[in-house]
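Below: one structure, written as structure tokens.
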Amino acid sequence: MSLTIGLEENPWARAWRRLRRRKGAMVALFVVVFLIAVAVFAPLVAPYDPTLTSFTQVRKPPTWAHWFGTDEVGRDVLSRVIWGARASLSAGLVSVGIAVGAGVPLGLLAGYAGGWVDTVLSRIVDAMLAIPFLILAITLSAFLGPSLSNAMIAIGVTATPVFIRLTRGQTLGAKVEDYVEAARAVGNPHWRIALRHLLPNIVPPLLVQASLAIAGAIIAEAALSFLGLGQQPPAPSWGSMLNSAQRFLAQAPWMAFWPGFAIFFAVLSFNLLGDGLRDALDPRHK
Amino acid sequence: MLVFLTRRLLQIIPTLILVSMLIFGLQQLLPGDPALIMAGEERDPIVLQQIREQYRLNEPIPVQYFYWMKGVLSGNLGESMRLKSSVSSLVAEKLPVTLQLAGMALLIALCIGIPAGIVSAVKKETWWDYGANLFALWGLSTPNFWLGILLIFLFSVELGWLPASGYVRLGEDWKQSLATTIMPAFVLGNALAAVLMRHTRSAMLQAMGADYVRTARAKGLNESRVVLKHALRNAMTPVITLLALDFGTLLSGAVLTEQIFTIPGFGKLIVDSVFNRDYAVVQGVVLVTATTYISLNLLADIAYVLVNPRLRG
Numbered sequence: 461m462s463l464t465i466g467l468e469e470n471p472w473a474r475a476w477r478r479l480r481r482r483k484g485a486m487v488a489l490f491v492v493v494f495l496i497a498v499a500v501f502a503p504l505v506a507p508y509d510p511t512l513t514s515f516t517q518v519r520k521p522p523t524w525a526h527w528f529g530t531d532e533v534g535r536d537v538l539s540r541v542i543w544g545a546r547a548s549l550s551a552g553l554v555s556v557g558i559a560v561g562a563g564v565p566l567g568l569l570a571g572y573a574g575g576w577v578d579t580v581l582s583r584i585v586d587a588m589l590a591i592p593f594l595i596l597a598i599t600l601s602a603f604l605g606p607s608l609s610n611a612m613i614a615i616g617v618t619a620t621p622v623f624i625r626l627t628r629g630q631t632l633g634a635k636v637e638d639y640v641e642a643a644r645a646v647g648n649p650h651w652r653i654a655l656r657h658l659l660p661n662i663v664p665p666l667l668v669q670a671s672l673a674i675a676g677a678i679i680a681e682a683a684l685s686f687l688g689l690g691q692q693p694p695a696p697s698w699g700s701m702l703n704s705a706q707r708f709l710a711q712a713p714w715m716a717f718w719p720g721f722a723i724f725f726a727v728l729s730f731n732l733l734g735d736g737l738r739d740a741l742d743p744r745h746k
Numbered sequence: 009m010l011v012f013l014t015r016r017l018l019q020i021i022p023t024l025i026l027v028s029m030l031i032f033g034l035q036q037l038l039p040g041d042p043a044l045i046m047a048g049e050e051r052d053p054i055v056l057q058q059i060r061e062q063y064r065l066n067e068p069i070p071v072q073y074f075y076w077m078k079g080v081l082s083g084n085l086g087e088s089m090r091l092k093s094s095v096s097s098l099v100a101e102k103l104p105v106t107l108q109l110a111g112m113a114l115l116i117a118l119c120i121g122i123p124a125g126i127v128s129a130v131k132k133e134t135w136w137d138y139g140a141n142l143f144a145l146w147g148l149s150t151p152n153f154w155l156g157i158l159l160i161f162l163f164s165v166e167l168g169w170l171p172a173s174g175y176v177r178l179g180e181d182w183k184q185s186l187a188t189t190i191m192p193a194f195v196l197g198n199a200l201a202a203v204l205m206r207h208t209r210s211a212m213l214q215a216m217g218a219d220y221v222r223t224a225r226a227k228g229l230n231e232s233r234v235v236l237k238h239a240l241r242n243a244m245t246p247v248i249t250l251l252a253l254d255f256g257t258l259l260s261g262a263v264l265t266e267q268i269f270t271i272p273g274f275g276k277l278i279v280d281s282v283f284n285r286d287y288a289v290v291q292g293v294v295l296v297t298a299t300t301y302i303s304l305n306l307l308a309d310i311a312y313v314l315v316n317p318r319l320r321g
């Protein structure tokens, strides 16, 4: 019996072991890493300059020279899809970064402090969640002005209340645990209890939510760019490529297929990864 | 019940006030002078002064907010600069279009999502279950504007069966109306069906493990009766109440879907107003949306208590 005590597995190693057993999640993780690599090495991977126009190559169907065909001004669709990964992935990561960076501290504060701080923050969260996600994001980014960075801010702000609510709920549950009581009993200051004792214990659900939120943010960025509120032309983005493709659906359907498929592929991977993480990190899940 | 109702009603008042402040505050984010934007080409200082006075732009922001709220509470949501009509009448004109679309989408989602959820729960960890889960993942991950474009390509461009855009009112010609809305409704319903399938699956799994289901089986009832009469009835309660929360998803989806299929509904009104800097309309529409969402949540909460006798205090 005493043998097993020394072999106690740390929770992260256990989570990783569980995640590895899930084929879907591992494929998704691989795809996510692949997409990030494509975005980072876009200048090396893309066969052409994504903004290079050619009037002899207008709306050409896929060939060996242009695997995904060319668009309405003769640009290579494959190169634009590859460069578009930069806009979509950075929008996903940056806006969720904003949401986590603002939402987690505020949620910790609301859950830990309680009282009027909690009441005020919770009502603000309710108010923001009452406005449908995309409508708030569209309105915010329109008011801020159309650009990729403003779209990221708009999506980040819109996604923040979900993280406040989740962190608050988790904090409420965790702060009555014995280890928090013990930390308080030995005289730790509040900030130390919140950051060193509470936060590490509520990371798993936040990680799951972050992965799903990245999927949502990628769709939102594509939607904003589709409406002309995100990445501005001629810089490539999957959403704005779909927008121009819509006008040439009868003549050049490949223009619409590939950027949409790229969005689907990226979003699917983050959703699958989030589902896998949830199964792997939830201690109740066997 | 009465205590619960009163508490719940009192709770939504501060939320509504905050929503209105948030919506009003958005306008303050706007760079530049609103009077200049409203005046458009006009640069005459007298006209600008008139606009400032007419819209009380010289007053402090809290005073402006007070006047706006006073109007809102008496049913006046302001005036559209672009369309020269009241925001309330625009809302009344566009909302039925989106409601028809949302209603059809809901019907499609219920017809796909609930059976899929039941099957995947009853046949847990079989190919049926994996199939239904794959469908849910597809539904959650497909951007609806892409699905819309693909459908237009298939059914309008290639097959020529359905019109690619436009809208005919249900009262004018119901066949044509259905033809113009079936594709957008499917696009909207597809995502919702995925969410519904997941809700139904988890609620059904919980119900199938409950004591009353074991009792029903022990009585010798056949399996389909156990599933449909005993488990499903109990599982549907949380699913139906969760539907109220999905209303926001439906409206967010309608924004893009109406844009792609050029349907003159609520979503298109928002996008057009945003692009034309018609802020009174944006504020009014967002306020109506948020109020509807909050009211639906309230109704869902009440319904939940009503159908579950154990929650009645």
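Same order as they appear, the protein sequences are chains H and F. Residue 461 is where the first sequence starts when you use our numbering, and the numbers rise one by one after that. Residue 9 is where the second sequence starts when you use our numbering, and the numbers rise one by one after that. Where a beta carbon is used, it is the ideal one built from N, C-alpha and C, also for glycine. Only a predicted model underlies this, so the values are computations on that prediction, with no experimental measurement involved.
Exercise for review: Measure the alpha-carbon distance for Ile302 (chain F) versus Ala590 (chain H) and round it to whole angstroms.
Suggested key: Along the second sequence, read from residue 1 onward, the residue named residue 302 (chain F) stands at position 294. Along the first sequence, read from residue 1 onward, the residue named residue 590 (chain H) stands at position 130. Spanning the two alpha carbons is a distance of roughly 6 Å.
Review point. Using a C-beta cutoff of 8 Å, does Met612 (chain H) count as contacting chain F?
Key: Numbered from 1 along the first sequence, position 152 holds the residue referred to as residue 612 (chain H). Not an interface residue.
Check your understanding: Within this structure, are the beta carbons of Ser601 (chain H) and Ala611 (chain H) separated by less than 8 Å?
Key -> In the first sequence, counting from the first residue as 1, residue 601 (chain H) sits at position 141. In the first sequence, counting from the first residue as 1, residue 611 (chain H) sits at position 151. Inclusion of Ser601 (chain H) and Ala611 (chain H) in the CB contact set at 8 Å is warranted, their separation being smaller than that value.
Practice item. Just the C-alpha distance for Gly552 (chain H) and Gly616 (chain H), rounded to the nearest angstrom, thanks. Key: By one-based count along the first sequence, residue 552 (chain H) stands at place 92. By one-based count along the first sequence, residue 616 (chain H) stands at place 156. Cα atoms of Gly552 (chain H) and Gly616 (chain H): separation of roughly 9 Å, rounded to the nearest angstrom.
Review point. In this structure, does DSSP put Val315 (chain F) in helix, strand or coil?
Key: Indexing the second sequence from 1 puts residue 315 (chain F) at position 307. In the displayed model, Val315 (chain F) falls within a helix according to three-state DSSP.
Exercise for review: With a threshold of 16 other CB atoms inside 10 Å of the CB of Met9 (chain F), please say whether the residue is buried or exposed.
Suggested key: On the second sequence, residue 9 (chain F) is found 1 positions in, with the first residue counted as 1. Per the 10 Å Cβ criterion, exposed.
Point to revise | Whether Pro246 (chain F) touches Ala202 (chain F) by CB criterion (8 Å) | key: As a position in the second sequence, residue 246 (chain F) is number 238, starting the count at 1. As a position in the second sequence, residue 202 (chain F) is number 194, starting the count at 1. Judged by their CB atoms, Pro246 (chain F) and Ala202 (chain F) are not nearer to each other than the 8 Å cut-off.
Check your understanding: So Thr530 (chain H) packs on Arg519 (chain H), CB below 8 Å; how close in whole Å?
Key -> Residue 530 (chain H) sits at position 70 when you count from the first residue of the first sequence. Residue 519 (chain H) sits at position 59 when you count from the first residue of the first sequence. So it is a contact: roughly 6 Å between Cβ atoms.
**Study point:** Helix, strand or coil at Glu469 (chain H) according to DSSP, with G and I counted as helix
**Key:** If you number the first sequence from 1, residue 469 (chain H) lands on position 9. Coil, per DSSP.
Exercise for review: Pull out every residue of the segment 160-179 of chain F whose Cβ sits closer than 7 Å to any Cβ of chain H, in chain order.
Suggested key: Listed in sequence order: Ile160, Phe161 and Val165.
Check your understanding: Would Val195 (chain F) pass as a contact of Thr249 (chain F) if the rule is Cβ separation under 8 Å?
Key -> Counted from its first residue, the second sequence places residue 195 (chain F) at position 187. Counted from its first residue, the second sequence places residue 249 (chain F) at position 241. No, the pair does not count as a contact, with Cβ atoms beyond the cut-off.
Review point. In chain H, which residues lie less than 7 Å from Ala43 (chain F) when you measure between Cβ atoms?
Key: What you label residue 43 (chain F) is simply residue 35 of the second sequence in a count that begins at 1. Neighbours of Ala43 (chain F) on chain H: none; closest Cβ ~17 Å, over 7 Å.
Review point. Per DSSP, Ser232 (chain F) is paired with what?
Key: Counting from one through the second sequence, the residue named residue 232 (chain F) turns up at place 224. Per DSSP, Ser232 (chain F) has no beta bridge partner at all.
Review point. Just the Cα atoms here: how many angstroms apart are Leu30 (chain F) and Val585 (chain H)?
Key: Against the second sequence, residue 30 (chain F) aligns to sequence position 22. Against the first sequence, residue 585 (chain H) aligns to sequence position 125. Spanning the two alpha carbons is a distance of roughly 11 Å.
Review point. By Cβ distance below 7 Å, which residues in the same chain neighbour Ala499 (chain H) in space, the five residues on each side in sequence not counted?
Key: Taking the first sequence and counting its residues from 1, the one referred to as residue 499 (chain H) is at position 39. Within the same chain, Ala545, Arg546 and Leu549 come within 7 Å of Ala499 (chain H) by CB-CB distance, once the 5 residues on both sides are set aside.
Exercise for review: Sort out for me which residues DSSP pairs Ser94 (chain F) with in a bridge.
Suggested key: Residue 94 (chain F) sits at position 86 when you count from the first residue of the second sequence. DSSP, once it has assigned bridges, lists F:Glu87 as partnering Ser94 (chain F).
Review point. Using Cβ-Cβ distances below 9 Å, what residues of the segment 620-638 of chain H are close to chain F?
Key: Residues of the segment 620-638 of chain H with a C-beta less than 9 Å from any C-beta of chain F: none at all.
Check your understanding: Per DSSP, which one or two residues make a beta bridge with Thr530 (chain H)?
Key -> On the first sequence, residue 530 (chain H) is found 70 positions in, with the first residue counted as 1. BP columns for Thr530 (chain H) point to H:Asp536.
Check your understanding: For Arg738 (chain H), which residues of its own chain have a beta-carbon under 7 Å away from its beta-carbon, when the five flanking residues on both sides are left out?
Key -> As a position in the first sequence, residue 738 (chain H) is number 278, starting the count at 1. So the list reads Val668, once near-sequence residues are dropped.
Review point. In chain H, which residues lie less than 7 Å from Phe153 (chain F) when you measure between Cβ atoms?
Key: In the second sequence, residue 153 (chain F) corresponds to position 145, counting from 1. Simply Ala683, Phe686 and Leu702.
Point to revise | Where Phe528 (chain H) meets chain F, residues with beta-carbon distance less than 9 Å | key: Counting from one through the first sequence, the residue named residue 528 (chain H) turns up at place 68. Within chain F, no residue comes near Phe528 (chain H); the closest Cβ sits about 15 Å away, beyond 9 Å.
Check your understanding: If you measure from the beta carbon of Thr599 (chain H) to each beta carbon in chain F, is any gap under 8 Å?
Key -> Residue 599 (chain H) sits at position 139 when you count from the first residue of the first sequence. Yes, contact with chain F.
Check your understanding: Under a CB-based cut-off of 8 Å, is Thr134 (chain F) close to chain H?
Key -> Walking along the second sequence from the start, residue 134 (chain F) turns up at place 126. With 8 Å as the cut-off, Thr134 (chain F) does not count as an interface residue toward chain H.
**Study point:** Reduced DSSP secondary structure (H/G/I, E/B, other) of Ile271 (chain F)
**Key:** Here residue 271 (chain F) refers to the residue found at position 263 of the second sequence. In the structure shown, Ile271 (chain F) falls within a coil segment according to DSSP collapsed to helix, strand and coil.
Check your understanding: Is the Cβ of Gln267 (chain F) closer than 8 Å to any Cβ of chain H?
Key -> Taking the second sequence and counting its residues from 1, one reaches residue 267 (chain F) at position 259. Yes, contact with chain H.
Review point. Along the segment 215-234 of chain F, what residues have a CB closer than 8 Å to any CB found in chain H?
Key: So the list is empty, because no residue satisfies the distance condition.
**Study point:** Interface residues of the segment 280-304 of chain F facing chain H [CB-CB below 7 Å]
**Key:** When CB distances to chain H are screened at a threshold of 7 Å, the residues of the segment 280-304 of chain F falling below it are Val282, Val290, Val294, Thr297, Ala298, Tyr301 and Ile302, in chain order.
Exercise for review: Specify whether the segment 561-576 of chain H and the segment 614-634 of chain H touch according to this definition: at least 3 beta carbon pairs, one from each stretch, less than 8 Å apart.
Suggested key: Using a Cβ-Cβ distance cut-off of 8 Å, the segment 561-576 of chain H and the segment 614-634 of chain H are in contact, since at least three pairs of beta carbons, one from each stretch, lie closer than that value.
Practice item. Would you grab the beta carbon distance between Ser704 (chain H) and Glu532 (chain H) for me? Rounded to a whole angstrom, and I think it's under 8 Å. Key: Taking the first residue of the first sequence as 1, we reach residue 704 (chain H) at position 244. Taking the first residue of the first sequence as 1, we reach residue 532 (chain H) at position 72. The Cβ separation is near 6 Å, so the contact holds.
Review point. Who are the near neighbours of Asp578 (chain H) in its chain, counting only those whose CB is closer than 6 Å to its CB and skipping five residues on each side?
Key: Residue numbering aside, residue 578 (chain H) sits at position 118 when the first sequence is read from its first letter. If we look at Asp578 (chain H) and ignore the five residues flanking it on each side, its Cβ neighbours are Ala570.
**Study point:** Three-state secondary structure (DSSP) of Leu178 (chain F)
**Key:** Residue mapping note: residue 178 (chain F) aligns to position 170 of the second sequence, counting from 1. Leu178 (chain F) carries a coil assignment under DSSP once its states are collapsed to helix, strand and coil.
Exercise for review: Pick out whichever of F:Cys119, F:Tyr312 and F:Val27 has its Cα sitting closest to the Cα of Val580 (chain H).
Suggested key: Position 120 of the first sequence, counted from the start, is the residue given in the question as residue 580 (chain H). Each of F:Cys119, F:Tyr312 and F:Val27 was checked against the Cα of Val580 (chain H), and the nearest Cα belongs to F:Val27.
**Study point:** Separation of Ala239 (chain F) from Leu142 (chain F), as counted between CA atoms
**Key:** As a first step, residue 142 (chain F) is located in the second sequence; it is residue number 134 there, counting from the start. As a first step, residue 239 (chain F) is located in the second sequence; it is residue number 231 there, counting from the start. So the alpha carbons of these two residues sit roughly 24 Å apart.
Check your understanding: Counting only beta-carbon atoms, is Thr106 (chain F) nearer than 8 Å to chain H?
Key -> Walking along the second sequence from the start, residue 106 (chain F) turns up at place 98. Thr106 (chain F) does not count as touching chain H.
Review point. Residues of chain F with CB under 8 Å from Met588 (chain H), in chain order?
Key: Taking the first sequence and counting its residues from 1, one reaches residue 588 (chain H) at position 128. Here the neighbours are Leu30.
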